[in-house]
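*Asks:* Let me begin by handing over the structure; questions about it come next.
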Amino acid sequence: MNFNLKAAGTLLSRAKQFTEEKLGQATDRTAYDENFDHLLLETDRAKTWTERLISNVEIFLQPNPNERLEDFILTKLDQKTTQKPNIIEQLGQCMIEAGNDFGQTTQYGSTLIKCGQTHQKLGHNYKDFIQSAAMSYIQPLKSFLEGEMKSITKERRTLEMRRLDLDAARSKQKKNKILSRDSNTPIAMADSLDADVRHAQAEFERQYHLTRLILDGLRNSQ
């Protein structure tokens, strides 16, 4: 029960600090150093461009949005999407059927058949190209977003919560000192507030160090 009350109090203090910052009412806010801010910008840039690259490559490989949606659904259902003839193969099949109808012995018919067979080969090769691009390029980028980038986002969110906790504790400590000074009497909870600040500071520094290590790792991997 005490744990739940303490956790609830932490959430309320964090929410209050966040709201005051958004409203411009917070007097103090812990700032990250310039190098750390630069690492955050680099991470945001990597995430943004990775998402845009994935989107544009997928559009290039499959311009039809309905086909992309169908392929996405089939992929989620673990069903193969490569069995359906693409537009190049469909054109080739149409040419072959037309050539057979005109007659294989006629010049027009034989030309249509040869052209259709060529288009079917092109269609098969294009399927191989799409599959290769998906496996060798798109999938690694998606794995990066779902793995490393998701972990970074989680640690950054935790760091922001630790910062809010620290600034909220400092704000309480500061207000308590003002009350103590104005009333010329010591406030009994001063020791408790000092301990809260020390604890919040330690938690913030630990998370700050961990997040920096992860961000540095991302920079070194590029």
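Residues in the sequence shown are numbered from 76 upward in steps of one, following the numbering used here.
For each residue, glycine too, the CB sits at the ideal point set by N, CA and C.
Note that the structure is predicted; figures quoted are calculated from it, not measured.
#1: Which residue from M210, T105, Q195 and S130 puts its Cα closest to that of V272?
#2: To the nearest angstrom, report how far apart L166 and L116 are at their CA atoms.
#3: For the region 216-264, list the alpha helix (DSSP H) runs that are entirely contained and at least 4 residues long, ordered along the chain.
#4: According to DSSP, is K202 helix, strand or coil?
#5: Is there a C-beta anywhere in chain D that falls below 7 angstroms from the one on Q192?
#6: Report the rounded CA-to-CA distance for L98 versus T286, giving the unit in angstroms.
#7: Can you grab the Cα-Cα spacing for the pair E172 / F204, in whole Å?
#8: Could you say which of I289, L216, Q168 and Q248 lies nearest to D103 if we only look at CA atoms?
#9: Quick check: what's the CA-CA separation for L128 versus L290?
#10: How many whole angstroms separate the CB atoms of L268 and N251, which I take to be in contact at a CB cut-off of 8 angstroms?
*Replies:* Well, looking at it:
#1: Residue numbering aside, residue 272 sits at position 197 when the sequence shown is read from its first letter. Distance check between V272 and each of M210, T105, Q195 and S130 places T105 closest, using alpha-carbon atoms only.
#2: Position 91 of the sequence shown, counting from 1, holds the residue named residue 166. Position 41 of the sequence shown, counting from 1, holds the residue named residue 116. Looking at the backbone, the Cα of L166 and that of L116 are separated by about 48 angstroms.
#3: For the alpha helix (DSSP H) assignment, the uninterrupted runs of no fewer than 4 residues enclosed by the region 216-264 are, from N- to C-terminal side, 225-258.
#4: Position 127 of the sequence shown holds residue 202. K202 falls in the helix class under three-state DSSP.
#5: Protein chain content of the structure displayed is limited to a single chain, and chain D is not contained in it.
#6: The count along the sequence shown starts at 1 and reaches residue 98 at position 23. The count along the sequence shown starts at 1 and reaches residue 286 at position 211. Whole-angstrom Cα-Cα distance: 27 angstroms.
#7: As a working mapping, residue 172 is identified with position 97 in the sequence shown. As a working mapping, residue 204 is identified with position 129 in the sequence shown. Spanning the two alpha carbons is a distance of roughly 26 angstroms.
#8: In the sequence shown, the residue the question calls residue 103 occupies position 28. When each option's Cα is compared against that of D103, the closest is Q248.
#9: Taking the first residue of the sequence shown as 1, we reach residue 128 at position 53. Taking the first residue of the sequence shown as 1, we reach residue 290 at position 215. In a straight line, the C-alpha of L128 is about 21 angstroms away from that of L290.
#10: To locate residue 268, count along the sequence shown from 1; it is residue 193. To locate residue 251, count along the sequence shown from 1; it is residue 176. Correct: roughly 5 angstroms between the Cβ atoms.
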